[in-house]
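Please read the structure below before turning to the comments.
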């Protein structure tokens, strides 16, 4: 009888030890997971705070630059009122800023919107009905050939050194990420721009055939606003010829 009791006690103790061990393992895993989650959260919060700080610095710098430009314009106006030579220089500077894209412009023209095709309807290779960087470049070149005076894509001004590139699934213009829908605005003669872009066999006609969604609007009133170029011109390989 004593032997059976000892066996029962040993059996119960074994079960208790097993459950105790299992509980300890579960607790350790829970602590590990909690620590990992907390660690990830802390890292994400730090990264988010860092991005917000840099964004605030950028916005403040841009505001300061804009204020300095306004002050400079006031000084130019004041100086030009007293000096006729300075008036000519100021007029030339304004003309150069227009050519470089350093001035915000408004006028009549055309607005083109490009969207990816509907994957639930279209079949075949999905890359055929997705808007690519090359598509944007073709449209921009067509607008330039049609004598567009100013062009922007999703608020990014197109200038002589603008790069339109694709990194993975992301399109960048002037180094800034942009996403669909792609709204291309151009200032110029509306009928001329429209005719050049919508002619049969043209590039828009070509990508529409693959399923890309295309919308073209002519704007006869001077309501198209195109922002100025916010980047910096750099000449790393060119020097002034003397």
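In the numbering used here, the protein residues as written are 1259 to 1500. Glycine is no exception: its CB is placed at the ideal position from the N, C-alpha and C atoms.
Task: residue 1374 and residue 1470 closer than 9 Å at C-beta - done: Taking the chain shown and counting its residues from 1, the one referred to as residue 1374 is at position 116. Taking the chain shown and counting its residues from 1, the one referred to as residue 1470 is at position 212. Result yes, Cβ atoms of residue 1374 and residue 1470 sit closer than 9 Å.
- [ ] Could you have a look at residue 1259 and say whether DSSP puts it in helix, strand or coil?
- [x] Position 1 of the chain shown, counted from the start, is the residue given in the question as residue 1259. Because residue 1259 sits at a pLDDT of 48, beneath the cut-off of 50, its placement in the model cannot be relied upon, and the point is left open.
- [ ] Indicate whether residue 1472 and residue 1466 have their beta-carbon atoms separated by less than 9 Å.
- [x] As a position in the chain shown, residue 1472 is number 214, starting the count at 1. As a position in the chain shown, residue 1466 is number 208, starting the count at 1. Closer than 9 Å, so yes.
- [ ] Would you kindly work out how many angstroms separate the C-alpha atoms of residue 1370 and residue 1484, rounded to a whole number?
- [x] Locating residue 1370 in the chain shown gives position 112, counting from the first residue. Locating residue 1484 in the chain shown gives position 226, counting from the first residue. Taking the straight line from one Cα to the other gives about 14 Å.
Open item on the list: At the level of alpha carbons, what is the spacing between residue 1424 and residue 1376?
Closed with: The residue you call residue 1424 lines up with position 166 of the chain shown. The residue you call residue 1376 lines up with position 118 of the chain shown. For residue 1424 and residue 1376, the distance between alpha carbons rounds to 21 Å.
- [ ] Within 10 angstroms of the Cβ of residue 1415, are there 16 or more other Cβ atoms? Answer buried if so, exposed if not.
- [x] Stepping through the chain shown from its first residue, residue 1415 is reached at position 157. Classification for residue 1415: buried.
Task: Close-in-space but distant-in-sequence residues of the same chain around residue 1486 (CB under 7 Å, 5 per side omitted) - done: As a position in the chain shown, residue 1486 is number 228, starting the count at 1. 1359, 1360, 1361, 1362 and 1415.
Task: C-beta contact flag for residue 1433 and residue 1489 at 9 Å - done: As a position in the chain shown, residue 1433 is number 175, starting the count at 1. As a position in the chain shown, residue 1489 is number 231, starting the count at 1. Contact: yes.
- [ ] Pull up the distance between the alpha-carbon of residue 1306 and that of residue 1391, whole angstroms please.
- [x] The sequence position of residue 1306 within the chain shown is 48, counting from 1. The sequence position of residue 1391 within the chain shown is 133, counting from 1. Cα to Cα, the separation comes out at about 29 Å.
- [ ] Have a look at 1421, 1366 and 1408 and flag the residue whose alpha-carbon is nearest the alpha-carbon of residue 1394.
- [x] Taking the chain shown and counting its residues from 1, one reaches residue 1394 at position 136. Closest by alpha carbon: 1421.
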